[in-house]
Amino acid sequence: MNTELDHLIPMDFKNAVQVPDTHTWVDFACINSSSSDEYVPLIDLEDPQVVEKIKMACENWGVFQVTNHGVPMELIAEIEHQARRFFALPREQKLLTLRSPDSPTGYGIVPISRVFNSLMWMEGFTMSGSPVEHVRRVWPQDYSPFCTAFDDYQEPMMGLAIKITSLIFKSLGLSNEDVEWFNPKSTEAFLHLNSYPKCPDPTHALGMVAHTDSSLITLLYQSNTDRGLQVIGPNHNWVDVEPISDAIVVNLSDLLQIISNGRFKSVTHRAIVSEAHHRISIPFFFGPKIDVNISSPLKLIKGGDFPMYRPISWKEYREIKGVHFDKALEAVRFNSVVVEKDNAQTTGDEAPLGGKVKALEV
Ligand code: OGA
Ligand code: NI
Numbered sequence: 004m005n006t007e008l009d010h011l012i013p014m015d016f017k018n019a020v021q022v023p024d025t026h027t028w029v030d031f032a033c034i035n036s037s038s039s040d041e042y043v044p045l046i047d048l049e050d051p052q053v054v055e056k057i058k059m060a061c062e063n064w065g066v067f068q069v070t071n072h073g074v075p076m077e078l079i080a081e082i083e084h085q086a087r088r089f090f091a092l093p094r095e096q097k098l099l100t101l102r103s104p105d106s107p108t109g110y111g112i113v114p115i116s117r118v119f120n121s122l123m124w125m126e127g128f129t130m131s132g133s134p135v136e137h138v139r140r141v142w143p144q145d146y147s148p149f150c151t152a153f154d155d156y157q158e159p160m161m162g163l164a165i166k167i168t169s170l171i172f173k174s175l176g177l178s179n180e181d182v183e184w185f186n187p188k189s190t191e192a193f194l195h196l197n198s199y200p201k202c203p204d205p206t207h208a209l210g211m212v213a214h215t216d217s218s219l220i221t222l223l224y225q226s227n228t229d230r231g232l233q234v235i236g237p238n239h240n241w242v243d244v245e246p247i248s249d250a251i252v253v254n255l256s257d258l259l260q261i262i263s264n265g266r267f268k269s270v271t272h273r274a275i276v277s278e279a280h281h282r283i284s285i286p287f288f289f290g291p292k293i294d295v296n297i298s299s300p301l302k303l304i305k306g307g308d309f310p311m312y313r314p315i316s317w318k319e320y321r322e323i324k325g326v327h328f329d330k331a332l333e334a335v336r337f338n339s340v341v342v343e344k345d346n347a348q349t350t351g352d353e354a355p356l357g358g359k360v361k362a363l364e365v
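Residues 4 to 365 (the numbering used here) are what the sequence shown spells out, left to right.
Here you go:
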């Protein structure tokens, strides 16, 4: 098992001529595993049948791509440019912005990494609030283009996330009163920059391990380079989410599975890496205010059905995810046995966590 610090500090990918043992993943069939004849739904947000199409995509896939989303392409191009500029910095400089183990902001490997023995072929910059303080350390005079790109991008993304969430609620037949905990004027989001450098042997490395996100929905822009993001499709195999230059990917996440009482599934996804391209992705994790309790509306429960999950806030759920990872949804089910069972196992295996509960930002 690697130390806690190993799980925060990315290796020097620039000089890598092979995949070191620390980053080798042997037990997953990677590059050839995706199916070529299935496509993640592509939905035009101006389509008059948008609610119906979203409903089908949510029921069958838990993921779709949207066009006509209203986020100006110049803002997307600019944030990708700033992300590439940051990740192209020498390693020592990037390390000046290193995230501390207890902070959600800064440079490093995504937190889910702690749960696994092998490290991922990625580096990230995670953000909650303004990046100014961190970015100043690498560009003391010239920090504002990065920060401006960041702020300019977040505003329309927030609007888009609220719009898509409302359409999803509509597709579930929910009115505003049914989801009164969801206040469009008071929401939360975390923006990440993910960098997947070129990899000398993509069949033995993994960009991001299979997981679901803990948010309500995640909007993800991926650079138009190569395949990278994959999801588990309706036939239970890996399917590529093809980069489409003017589209944004929408992932349904764990809180939505809770709200829909299991009707819509949080999609399992991962990222693979490429020998030819340095890929950038920019996920925007969106949800209600972090400490507001959410629960499935009665409307979705009646008719002989029963509530699957207990009421919970995003904050508490993130803490549970930090401990239980892929069993977190199971752990918040009514009458769950996961909590007791896993607590009994944590002592040895979770030593790198220092026995502390820490939230994952996925
Ligand atoms: C994530 C994620 C996938 C990608 O950051 O949670 O799933 O393609 N990223 O970068
Ligand atoms: Ni994710």
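For glycine and all other residues, C-beta sits at the position ideal for the given N, C-alpha and C.
Check                                                                                                                                                         : Outcome
Between T100 and V135, is the Cβ-Cβ spacing less than 8 Å?                                                                                                    : no
I need the DSSP call for Y320, collapsed to helix, strand or coil.                                                                                            : helix
Tell me, to the nearest whole angstrom, how far the beta carbon of S248 is from that of N227; I am working on the premise that it is less than 8 Å.           : 5 Å
With DSSP run on the structure shown, which of helix, strand or coil describes F149?                                                                          : helix
Going straight from the alpha carbon of E343 to that of W28, what length do you get?                                                                          : The predicted model places E343 with a pLDDT of 48, which falls under 50 and marks its position as unreliable, so this point remains unresolved.
So F287 and L194 are in contact, right, with Cβ under 8 Å, and what is the actual spacing, rounded?                                                           : 5 Å
Leaving out the 5 sequence neighbours to the left and right, which residues in its chain are closer than 7 Å to R336 when beta-carbon positions are compared? : M311, Y312
With distance defined between alpha-carbon atoms, name the residue in P75, S218, N254, S217 nearest to I235.                                                  : N254
Whose C-alpha, out of K201, P203, I261, W124, is nearest the C-alpha of I220?                                                                                 : I261
Strictly by DSSP, which residues pair up with M211?                                                                                                           : A274
Would you check whether the ligand OGA has a heavy atom nearer than 7 Å to the C-beta of M211?                                                                : yes
Measuring only the C-alpha atoms, how far is E77 from I297?                                                                                                   : 35 Å
Going by DSSP, what residues sit across from T221 in a beta bridge?                                                                                           : N254, F288
Compute the distance between the beta-carbons of T25 and D47, then report whether it is under 8 Å.                                                            : no
Which runs of the alpha helix (DSSP H) fall wholly inside the segment 25 to 98 and span at least 4 residues, in chain order?                                  : 53 to 63, 76 to 90, 94 to 98
Taking only the alpha-carbon atoms, compute the straight-line gap between K97 and K58 and give it to the nearest angstrom.                                    : 42 Å
Cβ-heavy atom distance between A164 and the ligand OGA below 7 Å?                                                                                             : no
With distances taken Cα to Cα, identify the nearest neighbour of F289 among A152, M161, L11, S116.                                                            : M161
Rounding to the nearest angstrom, what Cα-Cα distance links K268 and P187 in this structure?                                                                  : 23 Å
According to DSSP, simplified to helix, strand and coil, what is G236?                                                                                        : coil
Quick one: grab the DSSP three-state call for M161.                                                                                                           : helix
Please name the residue, chosen from P13, D15, Y42, that lies closest to P237 on a Cα-to-Cα basis.                                                            : Y42
Taking C-alpha atoms, which residue in D329, H239, D40, E180 lies nearest to S299?                                                                            : E180
Would you check whether the ligand OGA has a heavy atom nearer than 7 Å to the C-beta of N197?                                                                : yes
If we ignore side chains and look at the alpha-carbon of each, how far apart do S174 and E333 end up?                                                         : 25 Å
DSSP state of D243, grouped into three classes?                                                                                                               : strand
Could you spell out the range, first to last residue, of the beta strand (DSSP E) harbouring L11?                                                             : Taken as a continuous stretch (DSSP letters only), L11 belongs to no beta strand (DSSP E), as it is neither H nor E.
May I ask whether a heavy atom of the ligand FMN can be found less than 7 Å away from the beta carbon of A274?                                                : The ligand FMN is absent from the structure shown, which contains only the ligand OGA and the ligand NI.
Is it true that the CB of S284 sits closer than 8 Å to the CB of S256?                                                                                        : no
Tell whether a beta-carbon distance below 8 Å holds between I115 and V212.                                                                                    : yes
Measuring only the C-alpha atoms, how far is S3 from L222?                                                                                                    : Only positions 4 to 365 of the chain appear in this structure, which leaves residue 3 out of reach.
Do you know offhand how far D229's Cα is from R139's?                                                                                                         : 32 Å
Rounded to the nearest angstrom, what separates T271 and T215 at their Cα positions?                                                                          : 5 Å
What are the boundary residues of the alpha helix (DSSP H) that includes Y180?                                                                                : Note that residue 180 is Glu in the sequence shown here, rather than Tyr. Careful: E180 lies outside any alpha helix (DSSP H) and carries neither H nor E.
Under 7 Å from any heavy atom of the ligand NI, does the C-beta of V129 make it?                                                                              : Here the sequence assigns Thr to residue 129, which means Val is not the residue at that position. No, the beta carbon of T129 sits no closer than 7 Å to any heavy atom of the ligand NI.
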